[in-house]
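Undergrad: Got a structure here, written out as structure tokens. Questions coming.
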Amino acid sequence: MSNWKVAIDPRSEPAGGDARGEVTFPVPENFGSNDLVFPATSSAFVAAGSNFDEKCVREVWDLKTGKRVGVVRGELAVLRGALSPDGRYYAGFAQSTDRIVLFDVRQSKQVATIALKRGATTDRLLFARPDRLLRIARRRPVQVWKVPDATLEQTLEVPKYFEEASAAISPGGRYLAIIAAEKLTGTQALRIYDLDKKTVAGICPLRKYSSTGMTRCSGLEFSPDGKELAAMIDDYQRFWLVCWDVATGNTVAEWELRSKWKEDVPPGVNHSRSVLWFPNRRRWLLFGNHVFDRKATAVVWSLPKRFNTLERRVLDDEHIVVAEGRSRDVVVRTVRLSEKQLAEAARLVEAGALPEDRGLPPLTKADRSSARTVSLEKVPSSWQVPVDSVAPASAELLKRPIPLRAGGESVSRLMISRGRGAVAALSLRGLKKDAPLRVDHYDLASGKFTGTLQVPYSADLVAISPDGASVLVRPTKSPGRIDVWTMKEGKHWVGWRPYRQAEKNNAFVEAAVWVDSEHVLTRNRAGELVLWVMPACRAVYVISGQPQADVVALEDKLRQIEAEFREKLERLRTGRREQRDEKEKVDTSVKPNPLPLSPGGKTLVVSRADRLLFVDALTGTVHGATQTPGPMKAAAFHPDGETFA
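Right, dumping it as structure tokens:
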């Protein structure tokens, strides 16, 4: 850090009137990316519209009062202009791009012009204060003009290599912050310029974020109270949210973000900034779509992904400004996110939940702190797999057919418990796509219907416990979590996310099975096996390795190629030109088999390439292994536990 002399620079007066609730108004004209212009610092004003020609008008609104405060008329270039934080002045480039035109919004008239020596191309205009306008141009000094006099106050020499998107103004307008490097491949640094004293107030070099290539800053912003500064740093693949203390220049916090948060944004045109503060400094709005909570260190809320979303901004701690619509039918409105909603969402995430878990039962945070990593390489020299059987079922079992009570609902799955007093669980769904899950259960020995478990959300029945008392279900809208419901009481017992930290599809719970009444084994799409203790949701051991799906996919592909080759040879031999009907083609696809357990739940069979490993389900110890001609596609123990196929 170099000679850091930066003071907290809060806003001198509130920007905007008293809040009046929800606000909605149409954008009068829109022709491109310049339709909406927000001030560079936290403010309640917005300029909406276009100055494409003399007929067009740009209106300036106070988003707190819901009132229009003035208009801007006149032909301007499509380059983005600037609005002062008090909503009084608007600055834009003339269509010739060789002049900056300054308007008094409240008086609806032009008040000054600023001649430019070189025409604007990708220039950016920023109001630091109502009386101070900055022009930032690529690889050129920053120019500062006095408003409304249009006199040049100063010229700041800045490093050539910095992203214009990294320019940020302190709430009081005293400081300009940028992230830049002296050389193309040089070390980037946070630089603060004191516009009052016309000096460099501080330089703080950034650490090296990526070893694979250059990094960039796609967003930099002061907190509304001026106490902190946040930046979005990325290397085009990974993203970091970095926060500094303004008074000291020290890094306060740093989080590596999930890349999917950048990808999971409204499609189409989206001019939202990559990082925006909430005034209370507890949260940020990322990429115009996700609310990131500081304490939970994760996204706790995501706004709806609408195709026609143009831009989103933070208005205050409970309101987001949204501009959306098609073609020339764009509307600006405020959306309320209450403090209670966001606090509850943060609490859920801290318990291991995701934004998609809203409305679902509470979660218990998965605990992997004491889990052992099991290696499958330690195979005993002699076969030590025990025979694991259960007492035979009653002779009265299914002696007579049992009538079902499905009614008009479709039967999606049937499961039978492993215990002597066998219980059948029958999952049913209504005709609607997101119909809640219904599970009917029957005592197979007596042939009686014993009750219905009504899960109040759409879900898949995954497994039934050995004693038939509980079931595992996987919510349709949140397939990365597993919930335990008790059959007799019809209540939610516990829920957790086994693979909360996994990336993308690997968080999906592909299979889950009860080992006994207190242990559940799960597998994700990456082939990772984890044994959990219920209801603590504490991991006992983890088995990682080659995902079975990858092996199966390769084997299936080879079989498919072989089948197609044989089909071509057959056509050549018989002279038949047409291919066989699609219905006659052999389906060589393979669906992953549920985790194969011995009848008593003591032994788990794991497939690794050309080997089958017989593992103690409660400890992860390998008791035996055998060679196979290929990967396991379907498997089962005989009910007596003596043979395996």
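Numbered continuously in the working numbering, the sequence shown closes out at residue 673.
Glycine included, each C-beta is placed from N, C-alpha and C at the ideal position.
(1) Check Leu180 in the structure and name its three-state DSSP category.
(2) Rounded to the nearest angstrom, what separates Val342 and Thr362 at their Cα positions?
(3) Would you mind working out which of Leu154, Ala491, Ala178, Leu269 sits nearest Ala453, comparing C-alpha positions?
(4) What span of residues does the beta strand (DSSP E) with Val377 cover, start to end?
(5) Find out if the Cβ-Cβ distance for the pair Glu57, Arg356 is shorter than 8 Å.
(6) Using 10 angstroms around the beta-carbon of Gly230, count the other beta-carbons present and answer buried if the total reaches 16, otherwise exposed.
(7) Which residues in the same chain as Asp668 place their Cβ atom closer than 7 Å to its Cβ, once the five residues preceding and following it in sequence are excluded?
(8) How many Å lie between Ser445 and Gly479 at the Cα?
(9) Could you tell me which of Ser438, Ala450, Lys476 sits nearest to Arg466, measuring between CA atoms?
(10) If you follow the beta strand (DSSP E) that Glu256 is part of, which residue opens it and which one closes it?
(11) State the DSSP-derived secondary structure class of Ser194, mapped to helix, strand or coil.
(12) Could you name the residues of the same chain whose beta carbon sits closer than 6 Å to that of Pro575, not counting the 5 residues immediately before and after it, in chain order?
(13) Shortest alpha-carbon distance to Leu442 belongs to which of Asp468, Ala419, Pro431?
(14) Look up Ser2 in the DSSP assignment and say whether it is helix, strand or coil.
(15) Please list, in chain order, all residues of the same chain as Asp471 whose beta carbon is under 6 Å from its beta carbon, the five residues on each side excluded.
(16) Please state whether DSSP places Arg639 in a helix, a strand or coil.
(17) Check each candidate in Val65, Val561, Leu64, Glu531 and name the one with the smallest Cα separation from Val541.
(18) Taking all protein chains shown into account, decide if Gln171 is buried (16 or more other Cβ within 10 angstroms of its Cβ) or exposed.
(19) When we look at the beta-carbon of Ser506 and count the other beta-carbons within 10 Å, is it buried (16 or more) or exposed?
(20) Using CA coordinates, which residue listed in Arg301, Asp495, Phe642 is at the minimum distance from Pro414?
(21) Just list the residues that DSSP pairs Ile164 with in beta bridges.
(22) Leaving out five residues before and five after Tyr569 in sequence, what residues of the same chain have Cβ atoms less than 8 Å from its Cβ?
(23) Along the chain, where does the beta strand (DSSP E) containing Trp411 start, and where does it finish?
(24) Check the C-beta distance from Gly523 over to Arg509 and give it rounded, since I have them as a contact under 8 Å.
(25) Out of curiosity, what's the CA-to-CA distance linking Ala196 and Ala205?
(26) Quick one, are the C-beta atoms of Arg152 and Glu191 less than 8 Å apart?
(27) So what's Arg266 in DSSP terms, helix, strand or just coil?
(28) Helix, strand or coil, according to DSSP, for Ala653 in the structure here?
(29) Leaving aside the five residues before and after Arg86 along the sequence, list all residues of the same chain whose C-beta is less than 6 Å from its C-beta, in chain order.
(30) When the distance is taken between beta carbons, is Phe315 closer than 8 Å to Val293?
(31) Where does Ala564 land, buried or exposed, given buried means 16+ other C-beta within 10 angstroms?
(32) Can you tell me the Cα-Cα spacing of Leu623 and Leu391, whole angstroms?
(33) Taking the CB atoms as reference points, tell me whether Ser194 and Phe155 lie closer together than 8 Å.
(34) With DSSP as the reference, label Glu282 as helix, strand or coil.
TA: In this structure, then:
(1) Look at Leu180 here: in three-state DSSP terms it is strand.
(2) 9 Å
(3) For Ala453, the closest C-alpha among the options Leu154, Ala491, Ala178, Leu269 is that of Ala491.
(4) That residue, Val377, is in no beta strand (DSSP E); its alpha helix (DSSP H) goes 367-378.
(5) yes
(6) buried
(7) Excluding sequence neighbours, Asp668 sits near Ser417.
(8) 16 Å
(9) Ser438
(10) 256-262
(11) helix
(12) Per-residue confidence for Pro575 stands at a pLDDT of 45, beneath the threshold of 50, marking its modelled position as unreliable; the derived number appears in the next sentence. Ala554, Gly555.
(13) Looking at the Cα atoms, Asp468 is the closest of the given residues.
(14) Only positions 29 to 673 of the chain appear in the structure, and residue 2 is not among them; the question remains open.
(15) The beta carbon of Asp471 sits closer than 6 Å to those of Thr478, all from its chain and outside the five residues before and after it, given in chain order.
(16) strand
(17) Comparing Cα positions, the closest option is Val561.
(18) buried
(19) When all chains shown are included, Ser506 counts as buried.
(20) Phe642
(21) Arg152
(22) Ala399, Arg400, Thr401, Val402, Val558, Leu559, Thr647, Gly648
(23) Counting along the chain, Trp411 falls outside any beta strand (DSSP E), and DSSP gives it neither H nor E.
(24) 6 Å
(25) Taking the straight line from one Cα to the other gives about 5 Å.
(26) no
(27) coil
(28) strand
(29) Ala75, Gly77, Asn79, Val100
(30) yes
(31) With fewer than 16 Cβ atoms within 10 Å of its Cβ, Ala564 is classed as exposed.
(32) 24 Å
(33) no
(34) strand
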